[in-house]
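Asks: As numbered in full-length UniProt numbering, residues 1 to 829 make up the sequence shown, in order.
Cβ atoms here follow ideal geometry from the backbone N, Cα and C, with glycine treated the same way.
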Amino acid sequence: MVTLLARPITSQGWIFQPIGEGWQSDGPVEFDEELADYRFVGYQTMLQTGRFFQDPSLVSYVQLEVDEESDNNQLLVGGMNKLFRLDLDNFTLLETADWYSPADKQDYCNIVYNPADCHNYIRVLLLQNSYVFACGTNSYSPMCQWRLANNLSVVLNSTDSRGLCPYSPSYNATAIISNDGDLYTATVFDTYGRDPLIIRSAGSSVSLRTMKHDSHWLNDPSFVSAFEMDNFVYFVFRETAVEYINCGKKVYSRVARVCKNDEGGQYRLAGIWTSFSKARINCSLPGEYPFYFDEVQSTFLSQDEKLIYAVFTTPPNSMAGSAVCVYDYESLKHAFNGPFKHKENLNSAWLKKENTNKKKCESNRSHRSSDKLKDLVTSTQELLMDRAVMPRELGPLIMRENERWSKIVVDHVIAKTGSHDVIFLSTDDGKIRKMMRHPTGKSTCLIEEIKIVPNGHPKPVQNMKISTEQGAIFVAVEGSVYRIPFQRCGRFTSSAACINAQDPYCGWNQKTNTCSPAPGGNVHDKSWEQNLVQCPILIYKVDGGWSDWSEWSSCPYAGEKKDIDRCQCRSRTCSKPAPSLNGRPCSGSSIQIVNCTVHGDWTAWSSWSACSQTCGFAVRKRTRQCGNPAPKFGGRSCHGTNTEESYCSNHPECPVIPIHGAWSDWAGWSTCTSNCNGGLQTRKRACDQPLPMKGGMPCTGNREEWRMCNTQTCAEISKLSPWTEWVQTNRTKGGYFQERFRFYCRANVQSSKDIKTSSADSQAQFCFKNDNSCFKPQEAPHPTISLEVGSNWERFIKSVCAPRRKLFKKYCNCRTLGVFLVCQKCGYG
């Protein structure tokens with residue numbers, strides 16, 4: 001790989017300019033706000049350290065619950081029709097549990113209500129030990145279920161959930177399970193949200209709720225959160241202020257309180273809270289005419305410090321503005337132990353009335369059996385506290401114009417300079433602001449602003465939870481849940497940048513020369529440098545640092561060389577950080593150029609080679625290579641041939657050399673001419689390897705060879721011939737004699753046709769002259785023959801056969817031909 005160096009020329013693009021060459025990019029560089037201020041962390045940078053989970057069911061109302069039990073270590077997520085378990089460390093999906101509405105309920109809901117609301121939206125998600133309590137809208141038929149935390153598919157119990165979960169997903173709901181095991185819920189009881197309530201149920205205590213349809217108790221509330229402190233349970237919400245009704249309609253933020261040991265009233269007040277009271281929460285800019293942030297959006301309870309952090313905004317139809325106010329436990333007690341606002345009748349003004357029952361929630365007291373009916377009635381009328389719950393400090397901790405914040409979580413950090421509260425705020429356009437109170441306590445510093453949605457796709461944050469053990473926050477937006485670490489220390493590559501960032505999670509490790517959290521969590525490690533004395537320092541001498549390389553992309557060649565078309569280029573900027581206040585610029589190249597297209601060209605021809613022979617017809621050749629330059633990265637190859645040939649001229653004729661003949665190999669032996677008694681085999685060869693030419697000598701020796709074969713004696717074979725025709729041999733007075741023969745012989749030959757036959761047998765008969773009838777000697781005589789004739793017959797036979805027998809003995813052998821032995825079977829002599 002060849003890398004060429006270049007430098008940036010314009011802000012709208014890149015001119016890639018090595019010495020003597022010209023290169024140009026294909027497009028402009030997109031502006032990144034991270035380049036202007038390191039506190040702003042872009043979406044892509046966030047993804048480098050964060051993790052995310054996506055599912056289409058994560059819409060509109062997403063519930064989150066962190067389960068850090070040793071065996072679980074998981075994040076529980078409630079979406080539309082589904083529950084999820086995610087691993088807290090790597091954020092992988094552990095389980096998906098479907099929870100759809102029954103078909104009949106969904107069909108009915110689609111007819112009566114908005115079909116978009118006719119699903120099971122999880123609106124309550126609570127954790128108690130190893131169990132999960134979840135409630136869903138269930139297509140306007142609310143239902144709650146207990147499930148196993150480590151196996152969400154196992155449903156232990158289901159129950160009708162009116163008063164525990166809203167019918168419509170657009171209604172707010174908040175719930176808490178107290179240390180006593182009682183379930184406290186704030187939501188609406190009916191389909192149209194006309195009966196808001198705060199209710200206690202699902203525990204050992206008696207079930208209680210707020211008074212129905214009484215605006216002095218709850219007046220069109222929007223519930224935000226609930227928390228437990230000592231003997232009380234508190235509910236934070238915003239509602240239409242009844243004390244402001246004569247001046248128009250205005251929304252106030254409230255905190256309501258009930259006693260955990262409240263047993264309710266008697267008679268017509270049975271099942272009604274007797275300890276319910278509420279107070280306004282004040283978060284305002286001080287002055288002669290205070291400016292109020294009236295609409296509470298989110299709260300976070302710091303259990304260790306007993307502090308309540310709350311986010312407030314201006315009304316949605318006014319200029320956007322947000323603030324964070326902090327309240328301590330004393331401010332709550334001061335408001336609820338103070339006087340009530342009291343109004344004798346509808347036409348009277350609100351007056352202050354002394355609180356005569358400040359200790360009614362002590363743990364060793366019980367109201368129901370001892371309070372008089374009059375006191376019970378009074379407790380249902382004296383609800384609104386005269387004093388507001390005031391912030392711990394005069395004015396908001398943080399305030400910002402033209403922004404709307406939605407959620408808040410807080411981490412208590414131990415740093416080298418002491419303890420600090422780090423506040424994470426979410427915005428309605430998909431950002432997380434990480435802020436810290438200035439060490440002097442006079443202001444709050446922006447440490448980081450983290451984008452959790454891509455540019456151009458703003459989405460409000462729906463929910464946010466924190467895990468100190470994991471060192472991360474968990475943020476839900478539509479379609480996604482993100483795991484975002486508290487720190488991104490590795491972004492700072494120098495000691496100055498790390499220290500000036502003033503991030504309480506980060507310090508400079510002198511051993512590793514890296515910006516990192518405290519080694520082993522020990523902030524007092526001497527090799528770890530941190531000095532939190534002010535807000536992040538933006539104006540200081542900063543040496544430049546390179547950004548990451550961009551992706552490789554095709555870039556056109558703009559120089560004079562014609563054998564190059566395009567190259568692969570990538571760039572980086574001196575922006576992480578950018579040099580400022582005489583800081584050193586980045587060293588090295590901002591551009592890398594590789595894999596440039598190179599078209600091939602021929603080298604010069606080589607010298608001619610020697611002729612192929614020194615006389616007669618001969619050729620010579622020369623070569624060249626496609627390597628001046630060789631084609632690279634898709635370049636064209638050379639045109640033409642890489643070899644040339646030429647005849648060698650003026651060569652003498654070559655002298656004639658005789659070629660002598662030579663024998664070929666012998667062919668195989670032929671088949672034997674006989675199978676036995678001896679035969680012959682032959683084989684041949686030719687004088688053609690090579691043929692004698694140009695006066696060469698012929699081959700010497702025989703062209704053919706023979707040998708004996710199958711010399712074994714043939715097996716003996718016998719033969720018997722058929723009978724011959726009858727032959728007349730003698731005449732008598734009464735007739736004549738006839739005789740016929742057949743022959744038999746045997747020999748050691750390979751075929752019976754080779755046997756020469758000899759006399760083997762004969763037959764005779766006498767034929768009468770008068771009727772031409774014949775008979776053999778062994779047959780009975782013809783009836784017409786006299787005994788004399790018969791006697792003559794026997795004498796004839798005897799006379800004839802005696803000499804014939806001698807002939808038989810003399811000539812009877814297998815090689816005699818043409819001799820007929822008539823006496824072979826005469827039976828005479």
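1) If we ignore side chains and look at the alpha-carbon of each, how far apart do I659 and G701 end up?
2) Using a Cβ-Cβ cutoff of less than 6 Å, which residues in the same chain neighbour Y292 once the five nearest sequence positions on both sides are dropped?
3) If you draw a straight line from the alpha carbon of S718 to that of D761, how long is it in whole angstroms?
4) Quick check on R491: does DSSP put it in helix, strand or coil?
5) Would R488 and D543 qualify as a contact pair, given that the criterion is a beta-carbon distance under 8 Å?
6) By how many angstroms is the C-alpha of G695 removed from the C-alpha of A686?
7) Can you tell me where the alpha helix (DSSP H) holding V112 begins and where it ends?
8) Quick one: Cα of G640 to Cα of D601, how far?
9) In its own chain, which residues sit with a C-beta less than 6 Å from the C-beta of S443, not counting the 5 before and 5 after it?
10) Would you be able to state if there are at least three C-beta pairs under 8 Å between the stretch 506-518 and the stretch 77-91?
11) Rank G395, K306, N347, T468 by C-alpha distance to the C-alpha of Y289 and give the top, closest one.
12) Just reading off the alpha helix (DSSP H) that T45 is part of, what are its end residues?
13) Rounded to whole angstroms, how far is the Cβ of G735 from the Cβ of F766, which I believe are closer than 8 Å?
14) What is the rounded straight-line gap between the Cα of F737 and the Cα of I755?
15) I need the straight-line Cα distance from N455 to C361, nearest angstrom please.
16) Does DSSP classify E295 as helix, strand or coil?
17) Give me whichever residues DSSP pairs with P556 in a beta bridge.
18) Excluding the 5 residues preceding and the 5 following H334 in the sequence, name in chain order all residues of the same chain whose CB lies nearer than 7 Å to its CB.
19) Between C676 and C709, how many whole angstroms is the CB-CB distance? I'm expecting something under 8 Å.
20) Which same chain residues, not among the five before or five after W608, have their C-beta less than 6 Å away from its C-beta?
21) Leaving out five residues before and five after Q568 in sequence, what residues of the same chain have Cβ atoms less than 6 Å from its Cβ?
22) Under three-state DSSP, which class holds Y329?
23) Which value, in whole angstroms, describes the spacing of the CA atoms of S101 and Y192?
24) Which residue or residues does DSSP assign as beta-bridge partners of D421?
25) Measuring straight from C-alpha to C-alpha, what distance separates Y244 and R257?
26) DSSP has A226 in a bridge; who is on the other side?
27) Helix, strand or coil: how does DSSP classify P391 here?
28) If we count Cβ pairs, one from each stretch, closer than 8 Å, do we get three or more for the stretch 144-154 versus the stretch 72-85?
29) My output table needs one value for T334: the three-state DSSP class, helix, strand or coil.
30) Drop a sphere of 10 angstroms on the beta-carbon of R392, count the other beta-carbons inside from all chains shown, and report buried for 16 or more, exposed for fewer.
31) Run through the DSSP bridge pairs and tell me what W528 is partnered with.
32) Spell out a yes or no on whether the stretch 179-192 and the stretch 152-160 are touching, meaning 3 or more CB-CB pairs, one atom from each, closer than 8 Å.
33) With DSSP as the reference, please indicate the residues paired to L538 in a beta bridge.
34) Would you call the stretch 158-174 and the stretch 112-132 touching, i.e. three or more CB-CB distances under 8 Å?
35) Using the Cβ count rule (16 or more neighbours within 10 Å means buried), how would you classify K341?
Replies: Result, derived from the coordinates:
1) 18 Å
2) S284
3) 15 Å
4) helix
5) no
6) 18 Å
7) 103-112
8) 10 Å
9) none
10) no
11) G395
12) 43-49
13) 6 Å
14) 31 Å
15) 52 Å
16) strand
17) R566
18) R387
19) So it is not a contact: roughly 10 Å between Cβ atoms.
20) R620, R622
21) W552, V594, N595
22) helix
23) 20 Å
24) H412
25) 21 Å
26) F235
27) coil
28) yes
29) Note on identity: in this sequence residue 334 is His, with Thr being the wrong assignment. If DSSP states are grouped into helix, strand and coil, H334 belongs with the helices.
30) exposed
31) N509
32) no
33) According to DSSP, L538 bridges with nothing at all.
34) yes
35) buried
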